[in-house]
């Protein structure tokens, strides 16, 4: 059977499109290889034990009012035949398609990243990092040796991850691992300042706040390659590391069969459609209009694509996408964050409070909001990352 | 270096021994292949999505006051040489040893159990069951076909698991999987009644309560083999099943090198020691004195072994173990449980409330208690198992 409207991907973009269709009372089918929406902005807190994984994941089915859901991996799209190719060989014809397949980590061509560094993109990635972190701590405790962690990338993810890692170590080490003589967290940024998308004053604040947490920041530190025991910079400097976290570089994750630019993003017209296939919309991180790969862009594009689709169904002309930039936030640690809202820029506790409120508000589901608030309150008052369970066979 | 007192296993037995040594101010080393204590009595709620895994696991390190911890898998014991053989080839000499290695699932010699049924013993087992459950629901929804679940074993685990499964389906199906025409949950018990360790009146109550939840109970149903598509009874009856859960049969999990009986349990003297090696204590599920493999026995034996060890260190004679049976509880579902406390036997809401209180009280850690209470409250009032995240590559 042919499906009318098909959405591929249940992230911020796909879900925003689904909700717009729900509101219009128009049926659709949403496909995802996972059964849940993942709130990626808090993934680094799962990796560092401050949140349990289910707190930032919400099942997709109960979120779709007018839509049906299919758990399936889409292996490609046949644009001419207007059908999706599913894993297992099935084909699914569509009339209208919204592609919201997001992005995936990228090694930026640096040797050794895939083998010796860990990414942070999926729930499984976050648990893998947490497991490796707990494992190296156990080994270091038994051998009574020091540990070094290296985070690569001074953007929001790298700053959040290194800050959370430093707080994790500060809280957990004295009580649980007194045998470990010392730990170091290094943050390597290729450019001249942290958080390059923010104003220089906020970059300076982030640098100071991270240093206060004990993170050693190296600027202009361009990584040449990652090896088993550490990271080698282009200038030859070697950073020994027991764990390397790669928090820089993503590329679009387009469906095979779609045109793409060198960054893996799909070029669209201003209406978010493929120029030659106006029945196909592309939204979020995988859209090639050049906007940053952040949740607000995906949310707005998803809804916009759905509205344009609904307009064309009614015989109206689509409208060119216009991004409403409401500003940006990045968190460094307890009581420490930076905020940029239009002309307003501020840092410290007010920015941290705003960050916390925005993130709890954007989370999906009463239960998840409650769990996150509770976990944060406990971590805040007891200075303890609550989730320190090492999985699987050690 | 030689270790004075070594405890192998951080379950109920090992942890009770550790706490007794803590109280006496005597140092020890605790070894476990996992970094956490697992509260197994609530594992079936993780398997059915009512609790997240971290809520019933607590890291061992912060629990040990006078003890050190080593994350290691013990592959055997050399009784004559008084040393433990660790994975990787290392040997760890000891002066006194407390073995608390618990039990593991056992197929009871039934063909096909290992290949076609799922066990419930570890956190990974619970997540595997939850994943498989969510996966078969997705497949059935897409194919619009009915589903059958078979739980084997009418003891507490089988009763709890089939009851929770029935409640999961009752809550989740109408809202999330309206495409599925129907589901059946079958509980197979080889004997003439459910919960054979309880009084007949409570068995009858459990049967009635489970039936009220829609579970179809088959008594005198002896399983001959498990096949890909279902379970075959000794009398030839075939129960088709999309998922088979094996909730019957455990055997002791002794360290290689210890004497064991046919059920994998280690025979000890009344003081919980190996007859030929009084420096080795064996407690909990792996102890061969013939007591049931439940948490209260392990807790009491762990503490008792530690006290006997402390007595011998002081030159006093050890005391023979005496089990203080405080009664037993089993839960069937929301507001439904059975309780047997000495001469007192009751069922229904009071038993359920007692069960809930006892379990929250026995949980370790303020955070876990709060998480479990919160999850239960949400599930109770919203009739929704909160954790429905399908992991990994579908």
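Residue numbers (this note's numbering), protein chains in the order written: chain F, 177 to 570; chain B, 177 to 570.
Heads up, the beta-carbon is just placed ideally off N, CA and C, and yes, glycines get one too.
### Query
Can you name the residues of chain F whose CB is closer than 8 Å to the CB of residue 179/B?
In the second chain, counting from the first residue as 1, residue 179/B sits at position 3. Ordered by position in chain F, no residue passes the 8 Å Cβ test against residue 179/B, which lies about 13 Å from the chain.
### Query
What number of angstroms, rounded off, separates the C-alpha of residue 329/B from the C-alpha of residue 553/F?
For the purposes of this step, residue 329/B is identified with residue 153 of the second chain, where counting begins at 1. For the purposes of this step, residue 553/F is identified with residue 377 of the first chain, where counting begins at 1. So the two alpha carbons sit approximately 42 Å from each other.
### Query
Any Cβ of chain B within less than 7 Å of the Cβ of residue 557/F?
As a position in the first chain, residue 557/F is number 381, starting the count at 1. Not closer than 7 Å to any Cβ of chain B, the Cβ of residue 557/F fails to qualify, so no.
### Rounded C-alpha distance that separates residue 560/B from residue 364/F
Here residue 560/B is taken as the residue at index 384 of the second chain, counted from 1. Here residue 364/F is taken as the residue at index 188 of the first chain, counted from 1. Distance between the alpha carbons of residue 560/B and residue 364/F: 45 Å.
### Message
Between the alpha carbons of residue 361/F and residue 392/F, how many angstroms are there, rounded?
### Response
One-based indexing of the first chain puts residue 361/F at position 185. One-based indexing of the first chain puts residue 392/F at position 216. Spanning the two alpha carbons is a distance of roughly 6 Å.
### Task
Report buried or exposed for residue 271/B, applying the criterion of at least 16 other Cβ atoms within 10 angstroms of its Cβ.
Here residue 271/B refers to the residue found at position 95 when the second chain is read from its first residue. It counts as exposed.
### Query
How about residue 223/B: is its C-beta nearer than 7 Å to some C-beta of chain F?
For the purposes of this step, residue 223/B is taken as the residue at position 47 of the second chain. By this cut-off, residue 223/B is not an interface position.
### Task
Would you please verify whether the beta carbon of residue 307/F is less than 7 Å from any beta carbon of chain B?
Position 131 of the first chain, counted from the first residue, corresponds to residue 307/F. Answer no: the Cβ-Cβ gap between residue 307/F and chain B never drops below 7 Å.
### Task
For residue 513/F, collect the residues of the same chain with a Cβ closer than 8 Å to its Cβ; drop the 5 residues on either side in sequence, then sort them by chain order.
Position 337 of the first chain holds residue 513/F. These residues qualify, in order along the chain: 505, 506, 507, 523, 524, 527, 528, 530, 531.
### Query
Which one of 402/F, 190/F, 407/F, 300/F has the shortest CA to CA distance from residue 481/F?
Position 305 of the first chain holds residue 481/F. Cα-wise, what sits closest to residue 481/F is 190/F.
### Query
Which of helix, strand or coil does DSSP assign to residue 270/F?
Start at 1 with the first residue of the first chain, and residue 270/F comes out as number 94. Note: residue 270/F maps to strand in three-state DSSP.
### Query
Mind checking residue 186/F: buried by the 16 CB within 10 Å criterion, or exposed?
Walking along the first chain from the start, residue 186/F turns up at place 10. That one is buried.
#### Entry: Collapsed DSSP secondary structure at residue 388/F in the structure displayed
Translated into the one-based positions of the first chain, residue 388/F becomes position 212. Three-state result, residue 388/F: helix.
### Message
How far does the beta strand (DSSP E) with residue 352/B in it extend, from its first residue to its last?
### Response
Residue numbering aside, residue 352/B sits at position 176 when the second chain is read from its first letter. Careful: residue 352/B lies outside any beta strand (DSSP E), inside the alpha helix (DSSP H) at 332 to 352.
### Task
Taking residue 269/B as the query, report the chain F residues whose CB atoms sit under 8 Å from its CB, ordered along the chain.
Counting from one through the second chain, the residue named residue 269/B turns up at place 93. Going along chain F, no residue has its Cβ under 8 Å from residue 269/B, so there is no contact; the nearest lies around 16 Å.
### Query
Taking Cβ-Cβ distances below 9 Å as the criterion, which residues of the segment 226 to 254 of chain F are in contact with chain B?
228, 229, 230, 231, 233, 234, 235, 237, 238, 244, 245, 246, 247, 248, 249
#### Entry: Buried versus exposed, by CB contacts within 10 Å (16 or more), residue 569/F
Here residue 569/F corresponds to residue number 393 of the first chain, with the count starting at 1. With a pLDDT of 49 at residue 569/F, under the threshold of 50, the modelled position of that residue is not reliable, and the figure given next carries that caveat. Exposed is the call here.
### Message
Could you pull the DSSP bridge partners for residue 522/F from this structure?
### Response
Indexing the first chain from 1 puts residue 522/F at position 346. Note: residue 522/F sits in a beta bridge opposite 515/F.
#### Entry: Cβ-Cβ separation, residue 308/F to residue 294/F (assumed contact under 8 Å), whole Å
Locating residue 294/F in the first chain gives position 118, where the first residue counts as 1. Locating residue 308/F in the first chain gives position 132, where the first residue counts as 1. Rounded, the Cβ-Cβ distance is 7 Å, consistent with contact.
### Query
Given 8 Å as the limit, is there contact between the segment 283 to 302 of chain F and the segment 415 to 435 of chain F, that is, 3 or more CB pairs closer than that?
yes
### Closest by C-alpha distance to residue 423/F, when choosing among 385/F, 371/F, 431/F
In the first chain, residue 423/F corresponds to position 247, counting from 1. When the alpha-carbon of residue 423/F is set against those of 385/F, 371/F, 431/F, the nearest one is in 371/F.
### Query
Rounded C-beta distance between residue 459/B and residue 276/B? I'm assuming under 8 Å.
On the second chain, residue 459/B is found 283 positions in, with the first residue counted as 1. On the second chain, residue 276/B is found 100 positions in, with the first residue counted as 1. Going by Cβ atoms, the distance from residue 459/B to residue 276/B rounds to 5 Å, so yes, they are a contact pair.
### Query
What are the partner residues of residue 234/B, as DSSP defines its beta bridges?
Working through the second chain from its first residue, we reach residue 234/B at position 58. Answer is 213/B, bridged to residue 234/B.
### Query
Whose Cβ in chain B lies nearer than 7 Å to the Cβ of residue 318/F?
The count along the first chain starts at 1 and reaches residue 318/F at position 142. Ordered by position in chain B, the residues that pass the 7 Å Cβ test against residue 318/F are 246.
### Message
DSSP has residue 181/B in a bridge; who is on the other side?
### Response
Reading the second chain from its first residue, position 5 is the one you call residue 181/B. DSSP lists 272/B as partners of residue 181/B.
### Message
Can you tell me which residues form a DSSP beta bridge with residue 504/B?
### Response
Counting from 1 along the second chain, the entry for residue 504/B is found at position 328. In the DSSP output, where bridge partners are listed per residue, residue 504/B has 516/B.
### Message
So the candidates are 544/F, 425/F, 556/F, 278/F; which of them puts its Cα closest to the Cα of residue 229/F?
### Response
Within the first chain, numbered from 1, the residue matching residue 229/F stands at position 53. The candidate whose alpha carbon is nearest that of residue 229/F is 544/F.
### Query
Residue range of the alpha helix (DSSP H) that residue 488/B falls in?
Position 312 of the second chain holds residue 488/B. First-last of the alpha helix (DSSP H) with residue 488/B: 471 to 489.
#### Entry: Residue-chain proximity (residue 554/B, chain F), Cβ-Cβ < 7 Å
Residue numbering aside, residue 554/B sits at position 378 when the second chain is read from its first letter. Chain F, which has a Cβ nearer than 7 Å to the Cβ of residue 554/B, makes this yes.
### Message
If the criterion is Cβ atoms closer than 7 Å, does the pair residue 141/B and residue 182/B meet it?
### Response
Since the first residue shown for chain B is 177 and the last is 570, residue 141/B is missing from the structure and cannot be characterised.
### Task
State buried or exposed for residue 477/B, treating a residue as buried only when at least 16 other CB atoms are found within 10 Å of its CB.
Working through the second chain from its first residue, we reach residue 477/B at position 301. It counts as buried.
### Task
For the beta strand (DSSP E) holding residue 324/B, just list the boundary residues, first then last.
Residue numbering aside, residue 324/B sits at position 148 when the second chain is read from its first letter. Taken as a continuous stretch (DSSP letters only), the beta strand (DSSP E) holding residue 324/B covers 323 to 328.
### Task
Taking only beta-carbon positions, decide if residue 335/F is within less than 7 Å of chain B.
Locating residue 335/F in the first chain gives position 159, counting from the first residue. Judged by the 7 Å Cβ criterion, residue 335/F is not in contact with chain B.
### Test: residue 212/F CB closer than 7 Å to a CB of chain B
Translated into positions along the first chain, residue 212/F becomes position 36. For residue 212/F, at least one C-beta of chain B is nearer than 7 Å to its own C-beta.
#### Entry: CB contact check: residue 208/B to chain F, cutoff 7 Å
Residue mapping note: residue 208/B aligns to position 32 of the second chain, counting from 1. Chain F contact via Cβ: absent.
### Task
Determine whether the Cβ of residue 351/F lies closer than 7 Å to any Cβ atom of chain B.
As a first step, residue 351/F must be located in the first chain, where it is residue number 175. Closer than 7 Å: yes.
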